[in-house]
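Undergrad: Those sequence lines, one after another, are chains P and W.
Here the first sequence stands for residues 1 to 362, where the numbers follow the working numbering.
Here the second sequence stands for residues 1001 to 1429, where the numbers follow the working numbering.
Quick one: the structure is below, questions incoming.
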Amino acid sequence: MQSLAKKRLLAALSMAVVMVLGCLLATDADAATKEVRDFIAKIRDENADVRYAAWRSAGKVGAPAVVPLGRLVAGEDKGVAKAASEALNTIAHYASRPGADGERKAVSKELMKLLGRKRPQAVRVKALELLGLTGDDECVLRIARLLGDEKLREDARRALERIPGKASVKVLIEVLGKVPEDFRPAIIHSLGQKNAVEALDTLAQCAESSNKEIALAAYQAISRIDGVPSRTPQPVVLWEELSDREKRVFVGAYLRFADRRAAKGDAEIAQGIYRGALASAEQQHLRCAGLIGLAKVGSASDVDAMLPALADESAAVRHVAEEALISLKDAAVDATLKEALETASGDMKECISKIISARQSQ
Amino acid sequence: MGAKRSISRREFFAKTASAVGAGLCAPYILTSDALGAPDRPPASDRIVSGHIGVGGRGGGFLRRDGAAVCDVDDRHAARAAKIIASKGGKADIYKDYRDVLDRKDIDVVFVASPDHWHGLHTVHACQAGKDVYCEKPACKTIEEGRAMANAAKRYGRIIQIGSQGRSTRAAHAAGQYIRNGNIGKVQKVTCWHYENPVGKWEPDSEPPPGLDWDRWLGPCPWVPYNRMRCHFNFRWFMEYGAGNIRDRGAHVFSNIMWTMHCDNTGPVSVEATGEPPHDGMYDCPVAMDVKYEFKNPDWILTWSQPGRKEMGAAFGCKYWGNKDTLIVTGGDGGCGTERKAKEYKVPPGGVTLFKSPGHTQNFFDCVKSRKRPLMHIEAGHRTATLCVIGNISYLLGRKLHWDPVKERFVGDDEANRLLSRNSRAPYFI
Chain P
1 MQSLAKKRLL AALSMAVVMV LGCLLATDAD AATKEVRDFI AKIRDENADV RYAAWRSAGK
61 VGAPAVVPLG RLVAGEDKGV AKAASEALNT IAHYASRPGA DGERKAVSKE LMKLLGRKRP
121 QAVRVKALEL LGLTGDDECV LRIARLLGDE KLREDARRAL ERIPGKASVK VLIEVLGKVP
181 EDFRPAIIHS LGQKNAVEAL DTLAQCAESS NKEIALAAYQ AISRIDGVPS RTPQPVVLWE
241 ELSDREKRVF VGAYLRFADR RAAKGDAEIA QGIYRGALAS AEQQHLRCAG LIGLAKVGSA
301 SDVDAMLPAL ADESAAVRHV AEEALISLKD AAVDATLKEA LETASGDMKE CISKIISARQ
361 SQ
Chain W
1001 MGAKRSISRR EFFAKTASAV GAGLCAPYIL TSDALGAPDR PPASDRIVSG HIGVGGRGGG
1061 FLRRDGAAVC DVDDRHAARA AKIIASKGGK ADIYKDYRDV LDRKDIDVVF VASPDHWHGL
1121 HTVHACQAGK DVYCEKPACK TIEEGRAMAN AAKRYGRIIQ IGSQGRSTRA AHAAGQYIRN
1181 GNIGKVQKVT CWHYENPVGK WEPDSEPPPG LDWDRWLGPC PWVPYNRMRC HFNFRWFMEY
1241 GAGNIRDRGA HVFSNIMWTM HCDNTGPVSV EATGEPPHDG MYDCPVAMDV KYEFKNPDWI
1301 LTWSQPGRKE MGAAFGCKYW GNKDTLIVTG GDGGCGTERK AKEYKVPPGG VTLFKSPGHT
1361 QNFFDCVKSR KRPLMHIEAG HRTATLCVIG NISYLLGRKL HWDPVKERFV GDDEANRLLS
1421 RNSRAPYFI
């Protein structure tokens, strides 16, 4: 009997504890909900100063306010919509401060709720903009679903471009073959922006596209990435099919690629490209680019190709050639220059002599 | 380029480079302009310009040898062509800047488009072999400023950024006065500037006839046309002009960076606070305070809107040395300074600064001599960096630590996400 009474007492006590705890939690939840309600009321206030004060304090209100604010962003009242948008900015930035990872994830989770199809376009765009700043691997798949939405695909792409980490790279690679052709150059660009080494081989494949825009975008993207495709692109588009503008893009990508390889100490690939640029008969700025590149990675064997540039019709090329020959690091350059000096005459002789002196005084 | 064959990676790039070279050797027709037809001086004596963005500021660069004007607003382009005609020249009109860059007769381009276009126009112009005079601020983001500097280096191009304060007598005098130790070790430089406007609401509407709104936006996110956004008022939107700190700050900071010998470096921290308009379309902070810390040597730079006016000037800066102070008013083409600096003569062996013949003239001189101009792109990028990171600190609401060598924020992932452009397709650099 006593033990039964004890059990009943214990049960009653436990229930009482649970009820008290429940009340406390409910009170906390109520308080939180009340805080958000009060906050939203201020965001909706007709007084702009009240709205402003509220949006400035939004950081502390945090994730629970995201969805309610989202409902106001596309509203008819511009002042309220502005306040709601700014409040979302404040929440996102505050939660993204260093050391607040938990808050950032909570905000991202709420922002993803604003991506739903039934939300107004403006709300979804705003959410994507902020997910680009707060988002991480956990957000990627949800955002990626919008790459198939013609009205939102560009905003989704831009968000994925900003979100660091492997998941966003993976998803962009995966969708490349699935999105409409007109959208592929933009996806390719994003992979380049992300320095997506994992994408190099896929991009090499894109460089073989018969669609010029895709092929050129791929070359540009490759030139932005710290690596070389393991698979050699076999371009289909003929040089003659490119317009002058497209040739500029292509050559620009190659030179950027060469600069990257040179910076990584991969002189051989870079040298080949710079030598090609130097051989450009009609475009003085490409000859300049070739000389400037060779100044970094060239050797004594390049001197003979570089010397004629000292007499180039373009002042820019002559100037760059002189500086480049002074800068060449290979010690054998001095001997090559001295040999050239012996057979040179006139202005060329004077120029080579000046270069030799400058190299000696370095 | 068309035949498929199996070659090694390295062979491919070498062979393709040769093909590129061969392709580049395809003969272009040399025009009589280049050879020097009897009624025109040879090309080497004449610099032919293209003008991209010929509205407000851009109209000030129009010249007799302007061969092309380009603007997304037909009215601006038509007016600019008439101005060139009135100077005895003849300019073709374009809407797409790439058509200007395609022109082989054009040697240089003047870029006076809105700030958010500067990066694209300048990098693409370098790729096309043009030298560039680009209006300030050099760039909208750190990434594109670096891309501009890289393009100039890659192609050996001359780029002058339009912070013409450096070419004024007052800035020159002040710089020499300070560099020769007359105020002692500079401990801080304080800038003041009047506040940004508050603005109002206007309904969205259709763009006016002749304005290509999509192209005006370019790399920026799509929004409906609103006359509050362009033309001049783009300055008051963070997405486009980002306020006076980037507009006039690019001028004021340029002279400071020159004087303080910081053209190749930057601060190690930035902290900004500000109050934006409580209502209306504009979102740039009306009042603002920014503090930058520099190291080695140690000094502080501040930017205040409104700050405290000196010598009755609307904007300017004050240098605080451990011996004395010096005020420099303005910062753009209308700089002033104190008499003691104006009358100062540099002693033998003292530090002398380059005396500019005029900002545009300096640009043309450097196009011919191939020497680096006074406000070269590296300096322009570093100056614009101050403006950009100041705004990022304001937006994020916190102090940020900056690595001026790596050009990245230290320990702040969100801030680093804002370094890059995140451009709208197809407007990529």
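By construction, the Cβ of each residue, glycine as well, lies at the ideal position given by its N, Cα and C atoms.
Compute the Euclidean distance between the alpha carbons of residue 1171 (chain W) and residue 1235 (chain W), then round it to the nearest angstrom.
TA: Residue mapping note: residue 1171 (chain W) aligns to position 171 of the second sequence, counting from 1. Residue mapping note: residue 1235 (chain W) aligns to position 235 of the second sequence, counting from 1. The alpha-carbon atoms of residue 1171 (chain W) and residue 1235 (chain W) are separated by roughly 25 angstroms.
Undergrad: Residue 136 (chain P) and residue 397 (chain P) - do their beta-carbons sit closer together than 8 angstroms?
TA: Residue 397 (chain P) lies beyond the residue range present for chain P, which begins at 1 and ends at 362; the question has no answer from this structure.
Undergrad: So, at 6 angstroms on beta carbons, what are the nonlocal neighbours of residue 1328 (chain W) in its own chain, with the 5 sequence-adjacent residues on each side left out?
TA: Counted from its first residue, the second sequence places residue 1328 (chain W) at position 328. Taken in chain order, the residues that qualify are 1174, 1316, 1317, 1337.
Undergrad: Assign residue 283 (chain P) to buried or exposed, taking buried as 16 or more other Cβ atoms, counted over all protein chains shown, within 10 Å of its Cβ.
TA: Start at 1 with the first residue of the first sequence, and residue 283 (chain P) comes out as number 283. Buried is the call here.
Undergrad: Who are the Cβ neighbours of residue 58 (chain P) in its own chain at under 6 angstroms, not counting the five residues just before and after it?
TA: Along the first sequence, one-based indexing puts residue 58 (chain P) at 58. These residues qualify, in order along the chain: 87, 90, 91.
Undergrad: So, at 8 angstroms on beta carbons, what are the nonlocal neighbours of residue 1025 (chain W) in its own chain, with the 5 sequence-adjacent residues on each side left out?
TA: Position 25 of the second sequence, counted from the start, is the residue given in the question as residue 1025 (chain W). Its pLDDT being 29, under 50, residue 1025 (chain W) is placed unreliably in this model, and the value from its coordinates should be taken loosely. There are no such residues.
Undergrad: Check the C-beta distance from residue 214 (chain P) over to residue 185 (chain P) and give it rounded, since I have them as a contact under 8 angstroms.
TA: Your numbering for residue 214 (chain P) matches position 214 in the first sequence. Your numbering for residue 185 (chain P) matches position 185 in the first sequence. That belief holds up - the Cβ atoms of residue 214 (chain P) and residue 185 (chain P) are roughly 6 angstroms apart, short of 8 angstroms.
Undergrad: I want to see whether chain W comes within less than 8 angstroms of residue 245 (chain P), judged by CB atoms only; does it?
TA: Reading the first sequence from its first residue, position 245 is the one you call residue 245 (chain P). At least one chain W Cβ lies under 8 angstroms of residue 245 (chain P).
Undergrad: How would you label residue 1343 (chain W), buried or exposed, when you count the other beta carbons within 10 angstroms and need 16 or more for buried?
TA: Mapped onto the second sequence, residue 1343 (chain W) falls at position 343. It counts as exposed.
Undergrad: Where do the ends of the alpha helix (DSSP H) carrying residue 1282 (chain W) lie?
TA: For the purposes of this step, residue 1282 (chain W) is taken as residue 282 along the second sequence, with counting starting at 1. Note, residue 1282 (chain W): premise wrong, no alpha helix (DSSP H); not H, not E.
Undergrad: Per DSSP, residue 1336 (chain W) forms a beta bridge with which residues?
TA: Locating residue 1336 (chain W) in the second sequence gives position 336, where the first residue counts as 1. Residue 1336 (chain W) is bridged to W:1329.
Undergrad: Starting from residue 1129 (chain W), find everything on chain P with Cβ-Cβ shorter than 7 angstroms and list it in chain order.
TA: Residue numbering aside, residue 1129 (chain W) sits at position 129 when the second sequence is read from its first letter. Within 7 angstroms Cβ-Cβ: 283, 284, 285.
Undergrad: Which same chain residues, not among the five before or five after residue 1168 (chain W), have their C-beta less than 6 angstroms away from its C-beta?
TA: Within the second sequence, the letter at position 168 stands for residue 1168 (chain W). Counting only Cβ-Cβ distances below 6 angstroms, and skipping sequence neighbours, we find 1335.
Undergrad: With a CB to CB cut of under 7 angstroms and the five nearest residues on each side skipped, what residues in its chain are close to residue 267 (chain P)?
TA: Here residue 267 (chain P) is taken as the residue at index 267 of the first sequence, counted from 1. So the list reads 297, once near-sequence residues are dropped.
Undergrad: Which whole-angstrom value describes the C-beta separation of residue 152 (chain P) and residue 124 (chain P), a residue pair presumed to lie in contact below a C-beta threshold of 8 angstroms?
TA: Indexing the first sequence from 1 puts residue 152 (chain P) at position 152. Indexing the first sequence from 1 puts residue 124 (chain P) at position 124. Correct: roughly 6 angstroms between the Cβ atoms.
Undergrad: Could you tell me which chain W residues have their CB closer than 7 angstroms to the CB of residue 288 (chain P), listed as they occur along the chain?
TA: Taking the first residue of the first sequence as 1, we reach residue 288 (chain P) at position 288. Within chain W, the residues near residue 288 (chain P) are 1155, 1156.
Undergrad: Once DSSP output is grouped into helix, strand and coil, what is the label at residue 1253 (chain W)?
TA: Position 253 of the second sequence, counted from the first residue, corresponds to residue 1253 (chain W). Residue state, collapsed to three classes: helix.
Undergrad: Within 10 angstroms of its Cβ, does residue 258 (chain P) collect 16 or more other Cβ (buried), or is it exposed?
TA: Looking up residue 258 (chain P) in the first sequence gives position 258. Per the 10 Å Cβ criterion, buried.
Undergrad: Near residue 165 (chain P), what residues of its chain come up, given a Cβ to Cβ distance below 7 angstroms and the 5 sequence neighbours on each side ignored?
TA: Within the first sequence, the letter at position 165 stands for residue 165 (chain P). If we look at residue 165 (chain P) and ignore the five residues flanking it on each side, its Cβ neighbours are 136, 137.
Undergrad: Could you tell me which uninterrupted alpha helix (DSSP H) segments, each at least 4 residues in length, are contained entirely in the segment 1097–1158 of chain W, listed from first to last along the chain?
TA: Those alpha helix (DSSP H) runs which fall completely within the segment 1097–1158 of chain W and span 4+ residues are 1097–1102, 1118–1127, 1142–1155.
Undergrad: For a cutoff of 8 angstroms on Cβ pairs, would you count residue 1274 (chain W) as touching chain P?
TA: For the purposes of this step, residue 1274 (chain W) is identified with residue 274 of the second sequence, where counting begins at 1. Residue 1274 (chain W) does not count as touching chain P.
Undergrad: Can you name, in chain order, every residue of its own chain whose Cβ lies under 8 angstroms from the Cβ of residue 128 (chain P), other than the five neighbours on each side?
TA: Position 128 of the first sequence, counted from the start, is the residue given in the question as residue 128 (chain P). Answer for residue 128 (chain P): 115, 143, 146, 152, 155, 156, 158, 159, listed in chain order.
Undergrad: Assuming residue 1429 (chain W) and residue 1123 (chain W) form a contact by the criterion Cβ under 8 angstroms, report the distance between their Cβ atoms to the nearest whole angstrom.
TA: Mapped onto the second sequence, residue 1429 (chain W) falls at position 429. Mapped onto the second sequence, residue 1123 (chain W) falls at position 123. So it is a contact: roughly 5 angstroms between Cβ atoms.
Undergrad: Give the DSSP-derived three-state secondary structure of residue 1047 (chain W) in the structure shown.
TA: Along the second sequence, read from residue 1 onward, the residue named residue 1047 (chain W) stands at position 47. Three-state result, residue 1047 (chain W): coil.
Undergrad: Could you check if residue 1391 (chain W) is buried or exposed, using at least 16 other CB atoms within 10 Å of its CB as the buried criterion?
TA: Residue numbering aside, residue 1391 (chain W) sits at position 391 when the second sequence is read from its first letter. By the 10 Å Cβ count, residue 1391 (chain W) comes out buried.
Undergrad: Cβ of residue 102 (chain P) within 7 angstroms of any heavy atom in the ligand FAD?
TA: This structure lacks the ligand FAD; in fact it carries no ligand of any kind.
Undergrad: According to the neighbour-count rule (16 or more other Cβ atoms, all chains shown, within 10 Å of its Cβ), is residue 174 (chain P) buried or exposed?
TA: Numbered from its first residue, the first sequence carries residue 174 (chain P) at position 174. Residue 174 (chain P) is exposed by the Cβ-count criterion.
Undergrad: Roughly how many whole angstroms lie between the Cα atoms of residue 1326 (chain W) and residue 1186 (chain W)?
TA: Translated into positions along the second sequence, residue 1326 (chain W) becomes position 326. Translated into positions along the second sequence, residue 1186 (chain W) becomes position 186. Taking the straight line from one Cα to the other gives about 10 angstroms.
Undergrad: Taking contact to mean at least 3 C-beta pairs separated by less than 8 angstroms, is the segment 1297–1317 of chain W in contact with the segment 1135–1152 of chain W?
TA: The answer is no - the segment 1135–1152 of chain W does not touch the segment 1297–1317 of chain W, with fewer than three Cβ pairs under 8 angstroms.
Undergrad: Could you check which residue in W:1225, W:1333, W:1407, W:1206 has the C-alpha nearest to that of residue 1141 (chain W)?
TA: Working through the second sequence from its first residue, we reach residue 1141 (chain W) at position 141. The shortest C-alpha separation from residue 1141 (chain W) is found at W:1407.
Undergrad: Could you tell me whether the segment 1193–1202 of chain W touches the segment 1073–1085 of chain W, where touching means 3 or more Cβ pairs closer than 8 angstroms?
TA: Taking 8 angstroms as the limit for Cβ pairs, the verdict is that the segment 1073–1085 of chain W does not touch the segment 1193–1202 of chain W.
Undergrad: From what residue to what residue does the beta strand (DSSP E) around residue 1317 (chain W) run?
TA: Numbered from its first residue, the second sequence carries residue 1317 (chain W) at position 317. Where residue 1317 (chain W) is concerned, the enclosing beta strand (DSSP E) stretches over 1315–1321.
Undergrad: Can you give me the start and stop residues for the alpha helix (DSSP H) that residue 1240 (chain W) sits inside?
TA: Residue numbering aside, residue 1240 (chain W) sits at position 240 when the second sequence is read from its first letter. Counting along the chain, residue 1240 (chain W) falls outside any alpha helix (DSSP H), and DSSP gives it neither H nor E.
Undergrad: Provide the residue span of the beta strand (DSSP E) that contains residue 1188 (chain W), from first to last.
TA: In the second sequence, counting from the first residue as 1, residue 1188 (chain W) sits at position 188. Element bounds for residue 1188 (chain W): 1186–1193.
Undergrad: I'd like to know if residue 1430 (chain W) contacts chain P, where contact means its C-beta is closer than 8 angstroms to some C-beta of that chain.
TA: What is shown of chain W runs 1001 to 1429, which leaves residue 1430 (chain W) out entirely.
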